[in-house]
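Peer 1: Residue numbering for the sequence shown follows our numbering, starting at 501 and increasing by one per position. Note that CB positions come from ideal geometry on N, CA and C, so glycine has one too.
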Amino acid sequence: MIGNESDCGYVVRAIPLMKFSLSLALFTAFFVASCAEEPPQQPRQRVATYSPTQTQEYPPPQQPFNPNGPIQPTPQAAAPSPPPPAAPTKVAKGDYPYGIPVPGKPHLVESPYSPGKYVDVEGFPPGTEVKDPYTDKIFLVP
C-alpha cells in the first residue's frame with residue numbers, strides 16, 4: 501500500500517500543476533492573439549489651410565455712429581460685378597397675337613406683324629408660339 505500512496509500523491513500534486521500550466525497557456529495564447537491584431541486606424545483629419553491673401557480684418561472695426569455726419573461707404577473685399585444685361589421680358593402666352601388664317605390654305609397664316617407676308621405653320625398645333633421670320637417676333641398659331 502505504500503506504493504499506492506506515493507502514486508496517489510504524485511497524481512494529486514500533478515493536477516494543480518496541470519491546471520496552472522493550462523491557465524498559463526490560455527493566457528499566453530490570448531495575449532499573443534490580442535497583440536497580433538493591428539489596432540484600427542483613425543481616419544486622418546485634414547487641416548484647412550487658408551491663403552494669406554486676406555488682408556482685411558474680420559470683423560471690420562466698429563465705427564462710431566454719427567447721424568449728422570457724412571455717409572461713409574463700407575469697405576468691401578471685391579467690388580460687385582455689374583448685373584448681366586437684362587434678358588427680354590418674358591411675355592405671357594395670352595399677350596401674343598394670333599396669326600391670321602389664309603382662306604383655302606390651311607397650313608399658311610398671315611403674320612400679324614407684317615401684313616401680306618405668309619408663314620408656313622404646318623405641323624404646329626393651334627396655340628403654339630412661332631416666330632415671324634420677317635420680324636423675329638412671336639405670334640400664336642390660330
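(1) Buried or exposed: A587, going by 16 or more other Cβ atoms within 10 Å of its Cβ?
(2) Suppose you measure from the CA of K637 to the CA of H607; what does that come to, to the nearest Å?
(3) Using DSSP with H/G/I as helix, E/B as strand and the rest coil, what is V641?
(4) Go to D620, then tell me how far its beta strand (DSSP E) extends in each direction, as first and last residue.
(5) Select from S614, M518, P603 and K605 the residue whose C-alpha is nearest the C-alpha of P597.
(6) So if DSSP puts K605 in a beta bridge, which residue, or which two residues, is it bridged to?
(7) Compute the Euclidean distance between the alpha carbons of A559 and N568, then round it to the nearest angstrom.
(8) Are there 16 or more other CB atoms within 10 angstroms of the CB of G616, so buried, or fewer, so exposed?
(9) Which term fits T621, buried or exposed, when burial requires 16 or more other beta carbons within 10 angstroms of its beta carbon?
(10) In angstroms with no decimal places, state the Cα-to-Cα distance between V532 and L522.
(11) How long is the line joining the alpha carbons of F527 and R544, rounded to whole angstroms?
(12) Can you give the Cα-Cα distance for T635 and P603, rounded to whole angstroms?
Peer 2: Quick answer:
(1) Within the sequence shown, numbered from 1, the residue matching residue 587 stands at position 87. Low confidence applies here, because A587 scores a pLDDT of 49, under 50, leaving its location unreliable and the question unanswered by this model.
(2) Your numbering for residue 637 matches position 137 in the sequence shown. Your numbering for residue 607 matches position 107 in the sequence shown. Cα-Cα distance, rounded: 19 Å.
(3) To locate residue 641, count along the sequence shown from 1; it is residue 141. It is coil, neither helix nor strand.
(4) In the sequence shown, counting from the first residue as 1, residue 620 sits at position 120. First-last of the beta strand (DSSP E) with D620: Y618 to D620.
(5) On the sequence shown, position 97 is the one that residue 597 refers to. For the residues S614, M518, P603 and K605, the minimum Cα distance to P597 belongs to S614.
(6) Position 105 of the sequence shown, counting from 1, holds the residue named residue 605. Paired residues: V602.
(7) The residue you call residue 559 lines up with position 59 of the sequence shown. The residue you call residue 568 lines up with position 68 of the sequence shown. For the sequence presented, residue 559 should be read as Pro rather than Ala. Approximately 25 Å, taken between the alpha carbons.
(8) Within the sequence shown, numbered from 1, the residue matching residue 616 stands at position 116. Exposed: under 16 other Cβ atoms inside 10 Å.
(9) Counted from its first residue, the sequence shown places residue 621 at position 121. One detail in the question is off: residue 621 reads as Val in this sequence, not Thr. So V621 ends up on the buried side.
(10) Numbered from its first residue, the sequence shown carries residue 532 at position 32. Numbered from its first residue, the sequence shown carries residue 522 at position 22. Distance between the alpha carbons of V532 and L522: 15 Å.
(11) The residue labelled residue 527 in the question sits at position 27 within the sequence shown. The residue labelled residue 544 in the question sits at position 44 within the sequence shown. Taking the straight line joining both Cα atoms gives about 34 Å.
(12) As a first step, residue 635 must be located in the sequence shown, where it is residue number 135. As a first step, residue 603 must be located in the sequence shown, where it is residue number 103. Their backbone Cα atoms lie some 23 Å apart in a straight line.
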